[in-house]
Structures are given as C-alpha cells and as structure tokens.
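Student:
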Amino acid sequence: LPLKFDWRDKHVVTPVRNQQACGGCWAFSVVGAVESAWAIKGQPLEDLSVQQMIDCSFNNDGCSGGSTLNALLWMNQTRVKLVYDSDYPFKARSGLCRYFSTSRPGFSIRNFAAFDYSDKEDEMAKMLVTFGPLVAIVDAVSWQDYMGGIIQHHCSRGEANHAVVITGFDKTGSIPYWIVRNSWGRSWGVDGYAHVKMGSNICGIADTVSTIFV
Amino acid sequence: TWQRNPEREAAAFRESLSRQRYLNSFFSVENSSAFYGINQFSYLYPEEFKAIYLRSRSSRFPRHPAEVQMSLLNVS
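Residue numbers (my numbering), protein chains in the order written: chain A, -16 to 197; chain B, 4 to 79.
1. Would the C-beta of P27/A count as close to the ligand MG, meaning under 7 Å from any of its heavy atoms?
2. Check this for me: beta carbons of E18/B and Y48/B, under 8 Å apart or not?
3. What residue does the beta strand (DSSP E) around D153/A start on, and which one ends it?
4. Under 8 Å, do H145/A and I120/A count as touching if we go by C-beta distance?
5. So, does the segment 178 to 196 of chain A touch the segment 116 to 130 of chain A, judging by three or more C-beta pairs under 8 Å?
6. Just checking: is the beta-carbon of A14/B within a distance shorter than 8 Å of some beta-carbon in chain A?
7. Output, in sequence order along the chain, the residues in the segment 21 to 41 of chain B whose CB is closer than 7 Å to any CB in chain A.
8. Using 8 Å as the cut-off, can you tell me whether the segment -7 to 8 of chain A makes contact with the segment 73 to 84 of chain A, which would need three or more C-beta pairs spanning the two stretches below that distance?
9. Under a Cβ-count criterion, where at least 16 other Cβ atoms within 10 Å of its own Cβ denotes burial, should Y82/A be classed as buried or exposed?
10. Hey, out of S40/A, D38/A, C39/A and R(-9)/A, whose CA is closest to E18/A's CA?
11. Please list the partners that P9/B has in chain A, where partner means a Cβ-to-Cβ separation under 9 Å.
12. Please report how far the alpha carbon of I23/A lies from the alpha carbon of P9/B, in whole angstroms.
13. In this structure, does DSSP put T191/A in helix, strand or coil?
14. So, helix, strand or coil for G131/A, using DSSP?
What follows is the structure, given as structure tokens:
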C-alpha cells in the first residue's frame, strides 16, 4: 500500500455537497461513491442525483433518514440507473419518485460488498485503493464542532449515526488518518472533509464499510 | 419546519462555546489533534443537530474474511 493515497488526486471525486436540513447523508454517501466508481471506470465525472435516491429508494425514509445498506440493496436489486443531478436536482426534502425511461443516460451498480473491518483497517485501505472510495457509517455527534486536525477522541464505535465517503488516507505523519468526505458543505471541517485517525476504529469508521462495483 | 427562536439559538450558541472549550482541552500540537470551534451548527443544541443531520441507520455487517490463499493450477 502507498503511504498516502487520495482518489481526489485522480480527479474522480465530485465536489463536496450540502445536504442542508435533509437527513439524507445515507444517500449522499452512496451516490458519491457511485459517481467515483464510474469515473474510475473511465466515465466522465458527473454529479448524479441524490434526490432520486431520496425519493425512490424503498425501505428508507428520504430526508427523515435511511440506511446505506438498504440504498445499496435497492440499487442492486432493481438495477436502477441514477440519472444526472441536473435531470433530478436536489430539493432538500422528500418527494414522489420520478421515473425515467430506460433509454435515459444513467449509472447503475454491478454489485457491492459490505463488511466490518474493525481491527483490519489495512484490508480496508486495500479495498479503497483497489476499487474506489468507500461508504462508511460513523458516530459524528462531536463532528458538530469540528474545524480541522485529526479526530482521535470524543466519539464512539457501535453508535453509528452518519454516513460518509472515505476517499483516501495519509500515513506519512506521526498519526495516520483517513480522509473523509462529508456532505455538510465546503465551509465545514477541512474544505468539507474530516481527518479521522486510522488503526483504532475511531468513531466506528471501520465497522460498517461498503465497496461499490460497477 | 421548526420556528427559529433567537433566544434559544443564543443559549445553544453559549452551550456550544463551553462544549468546544472542553473538546479543545484534548488538543495537542504534536499529534495534530482535532480542534473544535464556531461553525454553521453552533446555534443548534446537540439533540437538534442529531435530529436533523445524523439520520443514518446503522446495520451490522459480517466481519471481513481473512485473506484466502488459492493455489493456481496449470500456471508455470
């Protein structure tokens, strides 16, 4: 594994978005990972529709909350194609699902893998480097006040409540850390990103991790 | 859908300042610790922040299997 790796350096990560007062982090994280997976495959990097996932993914509750696993199962079972964000823009509230003809350009997934990597964060890093950004669920209660630096305290494992995308890691300094893309806008954290210490399952970052295959 | 209440927001903001002081007490320059401060969420009480932004449901995933070694046949 390289000491430092970030999919942003390959220009396959879309800009940080803002979920506003919509509890749709689960959709932002999955859609973000799908965008990157397709860009890694050679497709142009494009914002895909988070609103489509919020409105259409059953077994989830739109802006009232949801599960990344249910979102991925929905994509996998229905083979639904996520359309471009410009075709189905984000409204920060749940709405009725809009359907598109199958001829409309869109992006589906081939499969996904979901594992608990606690105490195996090196394996998790391998998955990231091999397949693309990872979807993870973390305890983000203390992230309300986060401004920068490496998160090493003030959060728990086993109390996951927020979905994010891990785009890379950096082990060149004394404290190795994951590079985590959030969906609270660019003014939060480090240009919209958080840095979370690697190797100790801080905030439960390795407990519920999904890899997307396209 | 909630009504904005300046007094409540001011009280939440004051609570945020004292919470951030506590969180920053762990700060250490040598190990690049996280630092905490005023941002767009400082006018929210933690329970409000959680109710609005932390809406991901958790799932239990299987443990990642140990690396499997396979022997390859007919490979020189």
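Ideal Cβ positions, reconstructed from N, Cα and C, are used throughout, including at glycine. In this text the structure is predicted, and so the values were computed from the model without any measurement.
Tutor: The structure says:
1. Of the ligands one can find in the structure shown there are none, so the ligand MG has no counterpart to examine.
2. Locating residue 18/B in the second sequence gives position 15, where the first residue counts as 1. Locating residue 48/B in the second sequence gives position 45, where the first residue counts as 1. Cβ atoms of E18/B and Y48/B: closer than 8 Å.
3. In the first sequence, residue 153/A corresponds to position 170, counting from 1. H145 to D153 is the span of the beta strand (DSSP E), which, as asked, contains D153/A.
4. The residue you call residue 145/A lines up with position 162 of the first sequence. The residue you call residue 120/A lines up with position 137 of the first sequence. Cβ distance < 8 Å, so H145/A and I120/A count as in contact.
5. yes
6. Residue mapping note: residue 14/B aligns to position 11 of the second sequence, counting from 1. It does not; no Cβ of chain A falls within 8 Å.
7. R22, Q23, L26, F29, N34, S35, S36, A37, F38, Y39 and G40
8. yes
9. Locating residue 82/A in the first sequence gives position 99, where the first residue counts as 1. Classification of Y82/A: exposed, given that the 10 Å Cβ count is below 16.
10. Sequence index remark: in the first sequence, residue 18/A carries index 35 (1-based). Of the listed residues, the one whose Cα sits closest to E18/A is R(-9)/A.
11. Within the second sequence, the letter at position 6 stands for residue 9/B. Per Cβ cutoff of 9 Å: no residues; P9/B is ~18 Å from chain A at best.
12. Locating residue 23/A in the first sequence gives position 40, where the first residue counts as 1. Locating residue 9/B in the second sequence gives position 6, where the first residue counts as 1. Roughly 47 Å between the two C-alpha positions.
13. Within the first sequence, residue 191/A is the residue found at index 208, counting from 1. Three-state DSSP puts T191/A in coil, outside helix and strand.
14. Looking up residue 131/A in the first sequence gives position 148. Looking at G131/A - three-state DSSP - the assignment turns out to be strand.
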